[in-house]
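*Asks:*
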Amino acid sequence: MDLRRQFILQRWDLFLTTIASDDSNQTKTSPVPFPIDSATLDRLKDEKMREQLAQSLLDGTVHSIVDSLKDLQTIQEQHLWAQREEKLPQLNCDGISDEEERQTNEDKAILERIDQIAHEQQSTLICAGLPLFKCSDDASDLRIQMALIQFILSLGPIYRD
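The opening position of the sequence shown corresponds to residue 1 in UniProt numbering, with each subsequent residue numbered one higher.
(1) Report back the beta-carbon spacing between GLU106 and LYS87 to the nearest angstrom; my notes put them in contact at under 8 Å.
(2) What are the start and end residues of each continuous alpha helix (DSSP H) run of 4 or more residues lying completely inside the stretch 20-104, in chain order?
(3) Looking at LEU148 and ARG43, is the spacing between their C-beta atoms short of 8 Å?
(4) Taking the alpha carbon of ILE8 as the reference point, which residue from ILE19, GLY60, HIS119, THR40 has its own alpha carbon closest?
(5) To the nearest whole angstrom, what separates the beta carbons of GLN150 and VAL32, a pair I think is in contact under 8 Å?
(6) Considering just the uninterrupted stretch of the alpha helix (DSSP H) at ALA147, what are its terminal residues?
(7) If you draw a straight line from the alpha carbon of ARG113 to that of ILE158, how long is it in whole angstroms?
(8) Compute the Euclidean distance between the alpha carbons of GLY129 and GLN103, then round it to the nearest angstrom.
(9) My guess is that SER117 and GLN73 are in contact by the Cβ rule of under 8 Å, so how many angstroms apart are they, rounded?
(10) Within a Cβ cutoff of 6 Å, which residues of the same chain sit near THR17, ignoring the five residues on either side of it in sequence?
(11) Going by C-alpha to C-alpha distance, which of ILE36, ARG50, MET1 sits closest to ASP13?
(12) Apart from the five residues on each side of it in sequence, which residues of its chain come closer than 8 Å, Cβ to Cβ, to SER64?
(13) Does the Cβ-Cβ distance between LEU53 and ALA20 come in under 8 Å?
(14) I need the DSSP call for PHE7, collapsed to helix, strand or coil.
(15) Determine the direct distance from the alpha carbon of LEU80 to that of GLU120, and round the result to whole angstroms.
(16) Measuring straight from C-alpha to C-alpha, what distance separates ASN25 and GLU85?
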């Protein structure tokens, strides 16, 4: 486990170095698909958080949870999209003058469901002991959480032993 811990910490440091580089955030090679501001980077570089992260990732449970949540989210998004596609022809055939408004309301309901899914995922990862996770809609918190998830998913090969 000590070797795995060291490996996780080394990979974390490399991950932070990569996202800290201004050039990497402008290319497709960046491990996160969004720019990381300095305040967010400072929170990710916190030594206590680094140690908690390594500890939470040692046995692979958190990785399995994140991987399962990713798969579940994909299925849920596909289902929501299919529902939307089914309702579009109904709205168009009704000939009702407010079809755009009804479609907008349907889209809002889908976005609310996606937000609910995100909160459920945050709660699950809080219970799993992942540092820096809390139920939040704040953009900075979400960037941190997405960066952590990207990192965790990148560790997949070390848990296949």
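In this text, a Cβ means the ideal position worked out from N, Cα and C, and glycines have one as well.
*Replies:* Per the coordinate set shown:
(1) The pair is a contact, with the Cβ atoms about 6 Å apart (cut-off 8 Å).
(2) Within the stretch 20-104, the complete alpha helix (DSSP H) runs of at least 4 residues are 38-45, 47-57, 61-93.
(3) No, they are not a contact pair.
(4) Per the Cα distances, GLY60.
(5) Cβ-Cβ separation between GLN150 and VAL32: approximately 5 Å, consistent with a contact (criterion under 8 Å).
(6) Segment 139-154, the alpha helix (DSSP H) holding ALA147.
(7) Each residue's Cα considered, the two are about 34 Å apart.
(8) So the alpha carbons of these two residues sit roughly 39 Å apart.
(9) The sequence shown places Ile at residue 117, not Ser. Yes, ILE117 and GLN73 are in contact; Cβ-Cβ is about 6 Å, under 8 Å.
(10) The beta carbon of THR17 is closer than 6 Å to none in its chain, skipping five residues each way along the sequence.
(11) Of the candidates ILE36, ARG50, MET1, the one whose C-alpha sits nearest the C-alpha of ASP13 is ARG50.
(12) Answer for SER64: TYR159, listed in chain order.
(13) Taking a C-beta distance under 8 Å as the contact criterion, LEU53 and ALA20 do not qualify as a contact pair.
(14) PHE7: helix per DSSP, three-state reduction.
(15) Their Cα atoms are separated by approximately 16 Å.
(16) Only weak support is given to the placement of ASN25: the predicted model assigns it a pLDDT of 46, under 50, and the value that follows is read from those uncertain coordinates. CA-to-CA, the gap between ASN25 and GLU85 works out to about 34 Å.
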